[in-house]
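In what follows, a single structure is set out as structure tokens and then discussed.
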Amino acid sequence: MFESAELGHKIDEDDYKKEVPALREALLEAQFELQQQKRFPVIILINGIEGAGKGETVKLLNEWMDPRLIQVSTFDVQTDEELARPPAWRFWRQLPPKGRIGIFFGNWYSQMIQGRVHGHFKDAVLDQAIDGALALEQMLCDEGALIFKFWFHLSKKQMKKRLEELHGDPQRAWQISPLDWQQSKTYDKFVRHGERVLRRSSRDFAPWYVVEGGDEHYRNLTVGRILLDGLQSALKNEVRVVSHPHLAPMVANLDHRGLLDSLDLSQQLDKNAYKEMLEAEQARLAVLMRDKRMRRHALVAVFEGNDAAGKGGAIRRVAAALDPRQYRIVPIAAPTEEERAQPYLWRFWRHIPARGKFTVFDRSWYGRVLVERVEGFCGPADWLRAYGEINDFEEQLTNAGVVLVKFWLAIDEEEQFRRFKEREQIAFKRFKITDEDWRNREKWGEYRDAVGDMVDRTSTSIAPWTLVEANDKRFARVKVLRTINDALERAFARE
Numbered sequence: 043m044f045e046s047a048e049l050g051h052k053i054d055e056d057d058y059k060k061e062v063p064a065l066r067e068a069l070l071e072a073q074f075e076l077q078q079q080k081r082f083p084v085i086i087l088i089n090g091i092e093g094a095g096k097g098e099t100v101k102l103l104n105e106w107m108d109p110r111l112i113q114v115s116t117f118d119v120q121t122d123e124e125l126a127r128p129p130a131w132r133f134w135r136q137l138p139p140k141g142r143i144g145i146f147f148g149n150w151y152s153q154m155i156q157g158r159v160h161g162h163f164k165d166a167v168l169d170q171a172i173d174g175a176l177a178l179e180q181m182l183c184d185e186g187a188l189i190f191k192f193w194f195h196l197s198k199k200q201m202k203k204r205l206e207e208l209h210g211d212p213q214r215a216w217q218i219s220p221l222d223w224q225q226s227k228t229y230d231k232f233v234r235h236g237e238r239v240l241r242r243s244s245r246d247f248a249p250w251y252v253v254e255g256g257d258e259h260y261r262n263l264t265v266g267r268i269l270l271d272g273l274q275s276a277l278k279n280e281v282r283v284v285s286h287p288h289l290a291p292m293v294a295n296l297d298h299r300g301l302l303d304s305l306d307l308s309q310q311l312d313k314n315a316y317k318e319m320l321e322a323e324q325a326r327l328a329v330l331m332r333d334k335r336m337r338r339h340a341l342v343a344v345f346e347g348n349d350a351a352g353k354g355g356a357i358r359r360v361a362a363a364l365d366p367r368q369y370r371i372v373p374i375a376a377p378t379e380e381e382r383a384q385p386y387l388w389r390f391w392r393h394i395p396a397r398g399k400f401t402v403f404d405r406s407w408y409g410r411v412l413v414e415r416v417e418g419f420c421g422p423a424d425w426l427r428a429y430g431e432i433n434d435f436e437e438q439l440t441n442a443g444v445v446l447v448k449f450w451l452a453i454d455e456e457e458q459f460r461r462f463k464e465r466e467q468i469a470f471k472r473f474k475i476t477d478e479d480w481r482n483r484e485k486w487g488e489y490r491d492a493v494g495d496m497v498d499r500t501s502t503s504i505a506p507w508t509l510v511e512a513n514d515k516r517f518a519r520v521k522v523l524r525t526i527n528d529a530l531e532r533a534f535a536r537e
């Protein structure tokens, strides 16, 4: 894959100077249009051979374009904050918003190639990492991102010559890093495993561009023109390309029996039993959260349910068991302008807790397949795609040691009506009821079907749904606490 990047491409200085002004002007115009439209972000991944001009090229791009609209991030060394969370968290935090450009050094490809070169894992694990990278890039592109993946290349002979030149120049010797010397010794391995990564991860939605780095004039013009062509094409294309969903995507319940219909909503606890069981489960949770094994885990609890199903009350009983420094409650409402400028899952990734901590999501990423689906806030292509994206997201969390529990609090229509009326009549509860709540009742059947599809498609062995019979609030609160405790104990037992 690298033969064309070892031919010794060159552009003389006179031709280079003639080309640069027009290219620079066009890049600035495209960048300005990108910022004005704010339709999509641009993500540039920088990879390749050390000494092939990666840093120099990015520095030049910042000179040619407006650096205020370019965010350069490097991921070479993980911080303690990053080590305490799933690997992808560090990349999600740095994603550029729509209208801006993000340049990533030491990105997901750098990590996997270095790991394979140094024998930390075999090809099977490398291939899994490649598949994960492709899933991330597919999701980003489906959300509108424009991705450029650059591999800056040098032949083994060119690399050796460059290192010798830098080493012999006192004014430039500082440019040689320990990684340069290291890679000079592992060049063959690096190129072999790099070729495997490029071969398996170059796709139509995010292809690789291999650039020979020996001649700076050729390298700079090549990268600049690729960026310009890609930007101009994307800016002209005003229609977002989306995948086409299957014509019959969901299984219809011909007998009109749904998953929620199977729940026994008559289950209840009397006041004395509730008090005893609640205190026992709260004490159990307090002990588990202080267990030394919790240092290797984080806890995430997702609360979804019918309006007025008692999510807030259940969350308060969970929180009452803990030191407020141990947990964080994240209420999810309509996305802000900042959140709308990012991929859908960004607003949730940013709140993933560190090991030893607990985050409660009061509504969650499942809004896309529930309210957004039913109310038409997104199209079928988006919410159908979301099931797979959510499963991938949750697998990344659990693989990193996150204990994930997901609750759907279910009540029937009659109980919801009674609670709505109660809220209207009691002054300190009146703020909880809105016109939107009454409107949602008119779509009870549509929400019931959406919940059934959600559970069918996202209740997995690694992240199962717990359906909570919530007509009786006492029963629901105890079941929620017991489920969290059981999940923590299972996670500890697997160690």
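If you read the sequence shown in the working numbering, its first letter stands for residue 43, the second for the next number, and so on.
Ideal Cβ placement from N, Cα and C applies to all residues, glycine included.
Since the model is a prediction, treat every value here as computed from it, not as a measurement.
Open item on the list: On a Cα-Cα basis, can you pick out the residue from R389, M336 and L320 that is closest to A356?
Closed with: Of R389, M336 and L320, the residue nearest in Cα terms is L320.
- [ ] Return the first residue and the last residue of the alpha helix (DSSP H) that Q113 is part of.
- [x] Counted as a single uninterrupted DSSP element, the stretch harbouring Q113 is not any alpha helix (DSSP H) but the beta strand (DSSP E) occupying residues I112 to T116.
- [ ] Specify the secondary structure class of I155 as computed by DSSP and reduced to three states.
- [x] Shown here, I155 sits in a helix according to DSSP, grouped into three states.
- [ ] Mind checking which residues open and close the alpha helix (DSSP H) that includes G522?
- [x] First, the amino acid is wrong: residue 522 is Val here, not Gly. Bounds of the alpha helix (DSSP H) holding V522 are K515 to A535.
TODO: Would you grab the beta carbon distance between P385 and M154 for me? Rounded to a whole angstrom, and I think it's under 8 Å.
DONE: Here P385 is actually not in contact with M154; their C-beta atoms are around 21 Å apart, not less than 8 Å.
TODO: For the beta strand (DSSP E) containing P373, list its first residue and its last residue.
DONE: Run containing P373: Y369 to P373, per the beta strand (DSSP E) assignment.
- [ ] Determine, using beta-carbon pairs with one atom in the stretch 131 to 147 and one in the stretch 207 to 216, whether at least three such pairs fall under 8 Å.
- [x] At 8 Å Cβ cutoff, the stretches do not touch.
- [ ] Look at the Cβ atom of R241, then the Cβ atom of V253, and state whether they are nearer than 7 Å.
- [x] It is not a contact, given that the beta carbons lie outside the stated cut-off.
Open item on the list: Please tell me whether W407 and I432 are closer than 7 Å, where the distance is taken between their beta carbons.
Closed with: Yes. Within cutoff.
TODO: Assess, as a yes-or-no matter, whether the stretch 438 to 449 is touched by the stretch 341 to 356 under the definition of 3 or more beta carbon pairs within less than 8 Å.
DONE: Result yes; three or more Cβ-Cβ pairs closer than 8 Å.
Task: Per DSSP, the bridge partner or partners of L301 - done: BP columns for L301 are empty, so no partner.
Open item on the list: Please report the straight-line C-alpha distance between K334 and V119, rounded to a whole angstrom.
Closed with: Distance between the alpha carbons of K334 and V119: 27 Å.
Task: Cβ-based neighbour list, R415, same chain, cut-off 6 Å, excluding 5 preceding and 5 following - done: Excluding its 5 nearest sequence neighbours in each direction, R415 has C-beta neighbours in its own chain below 6 Å: W425 and A492, listed in chain order.
TODO: Find the nearest neighbour of A248 within the set V84, M336, E457 and L103, judged by alpha-carbon distance.
DONE: Looking only at V84, M336, E457 and L103, the smallest Cα-Cα distance to A248 is reached by V84.
- [ ] Whole angstroms is fine: what's the gap from A423's alpha carbon to V411's?
- [x] Their Cα atoms are separated by approximately 11 Å.
TODO: Closer than 8 Å by C-beta to H195: which residues in its own chain qualify, once you throw out the five before and the five after it? Chain order, please.
DONE: Cβ neighbours of H195 beyond the five flanking positions: F44, A47, E48, G90, I91, A94, V252, V253, E254 and G255.
- [ ] Could I get the ranges of all uninterrupted alpha helix (DSSP H) runs contained in the stretch 443 to 484, with 4 residues as the minimum, in chain order?
- [x] Fully enclosed alpha helix (DSSP H) runs of 4 or longer: 455 to 467 and 477 to 483.
Open item on the list: For L65 and I145, what's the separation of their Cα atoms in angstroms?
Closed with: Approximately 19 Å between the Cα atoms of the pair.
- [ ] Following the continuous alpha helix (DSSP H) through F247, name the residue where it begins and the one where it ends.
- [x] Counting along the chain, F247 falls outside any alpha helix (DSSP H), and DSSP gives it neither H nor E.
Open item on the list: Please tell me whether A187 and F74 are closer than 7 Å, where the distance is taken between their beta carbons.
Closed with: In this structure, A187 keeps its C-beta atom at 7 Å or more from the C-beta atom of F74.
Task: 7 Å CB neighbourhood of V522 in its chain, flanking five on each side removed - done: Once the five neighbours on either side are set aside, the close Cβ partners of V522 are A356, V360, F449 and V510.
Task: Assumed close pair A328, A363 - CB separation to whole angstroms, cut-off 8 Å - done: Contact flag correct, Cβ pair sits at about 5 Å.
Task: One or two residues paired with K96 in a DSSP bridge - done: In DSSP, K96 forms no bridge with anything.
Task: Endpoints, the beta strand (DSSP E) within which I268 is located - done: For I268, there is no enclosing beta strand (DSSP E); the residue is found in the alpha helix (DSSP H) stretching over E258 to K278.
Open item on the list: Just to confirm, is the Cβ distance from W486 to E455 under 7 Å?
Closed with: A contact, by the Cβ cut-off of 7 Å.
Task: First through last residue of the alpha helix (DSSP H) which encompasses D498 - done: From DSSP, the alpha helix (DSSP H) with D498 extends over W486 to T500.
- [ ] Within its chain, find whatever has a CB closer than 8 Å to the CB of F400; leave out the 5 residues flanking it on each side and keep chain order.
- [x] Only M331, A340, L341, V342, A343, L364, Q368, Y369 and R370 meet the Cβ criterion.
Task: Cα-Cα separation, K60 to I189 - done: About 28 Å.
Task: Residue nearest to W391 in terms of C-alpha spacing, selected from E488, R132, L125 and K101 - done: When each option's Cα is compared against that of W391, the closest is R132.
Task: Cα-Cα separation, S501 to E436 - done: E436 has its alpha-carbon roughly 11 Å from the corresponding atom of S501.
TODO: Starting from V233, follow the alpha helix (DSSP H) in both directions and report where the run begins and ends.
DONE: Taken as a continuous stretch (DSSP letters only), the alpha helix (DSSP H) holding V233 covers Y229 to S243.
- [ ] Count the other CB atoms, across all protein chains shown, that sit within 10 Å of the CB of V167; report buried if there are 16 or more and exposed otherwise.
- [x] Looking at its Cβ environment, which holds fewer than 16 other Cβ atoms inside 10 Å, V167 is exposed.
Open item on the list: I believe L530 touches L270 by the beta-carbon criterion, under 8 Å. Please report the beta-carbon distance rounded to the nearest angstrom.
Closed with: Incorrect: roughly 53 Å between the Cβ atoms, too far for contact.
- [ ] Determine the contact status of L178 and S243, defining contact as a CB-CB distance below 7 Å.
- [x] No, the Cβ-Cβ distance between L178 and S243 is not below 7 Å.
TODO: Would you mind sorting E323 into buried or exposed? The rule is 16 or more other CB atoms within 10 Å of its CB.
DONE: By the beta-carbon neighbour count (other beta carbons within 10 angstroms, threshold 16), E323 is buried.
Open item on the list: Please state whether the Cβ-Cβ distance between K80 and D257 is less than 7 Å.
Closed with: Pairing K80 with D257 gives a Cβ-Cβ distance that is not under 7 Å.
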